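Numbering (the numbering used here), first residue to last: 290 to 377.
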Amino acid sequence: EFGLETWPVLWPIGDGDRFKGVLDRMTNVVHIYQKPSKRGGKAEVVLVPLDDEEKLKELIADEELFDKLQEDSMILEELMPELDMDRV
Numbered sequence: 290e291f292g293l294e295t296w297p298v299l300w301p302i303g304d305g306d307r308f309k310g311v312l313d314r315m316t317n318v319v320h321i322y323q324k325p326s327k328r329g330g331k332a333e334v335v336l337v338p339l340d341d342e343e344k345l346k347e348l349i350a351d352e353e354l355f356d357k358l359q360e361d362s363m364i365l366e367e368l369m370p371e372l373d374m375d376r377v
């Protein structure tokens with residue numbers, strides 16, 4: 290309606306109770322959020338390069354979400370034009 294183009298910078302991994310973190314598409318680094326040990330505590334964030342599949346599989350600990358992350362990142366890379374920072 291407004292003629293604006295969008296380019297998702299952060300891509301979620303899971304949602305609700307299955308939320309694991311986000312993919313930063315600018316750096317291709319995955320931010321995995323680990324639940325705090327006590328209620329109300331701050332979540333720990335582990336940064337993992339997208340191409341470190343072994344570590345991601347281990348930390349995501351959900352085969353379906355890991356596969357979806359791999360598929361989504363491939364689709365986004367293929368279908369979305371590269372971000373033109375001059376147009377931002």
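Even glycine gets a Cβ: it sits at the ideal position worked out from N, Cα and C.
Computed from a predicted model, the values in this text were never measured in an experiment.
For Glu371, the secondary structure class from DSSP, reduced to helix, strand or coil, is coil. Secondary structure at Gly330: coil, using DSSP grouped into helix, strand and coil. For Lys331, the number of other beta carbons within 10 angstroms of its own is below 16, and it is reported as exposed. In the structure shown, the three-state DSSP call for Gly305 is helix. Under the Cβ criterion (8 Å, minimum of three pairs), the segment 337 to 357 counts as touching the segment 306 to 320.
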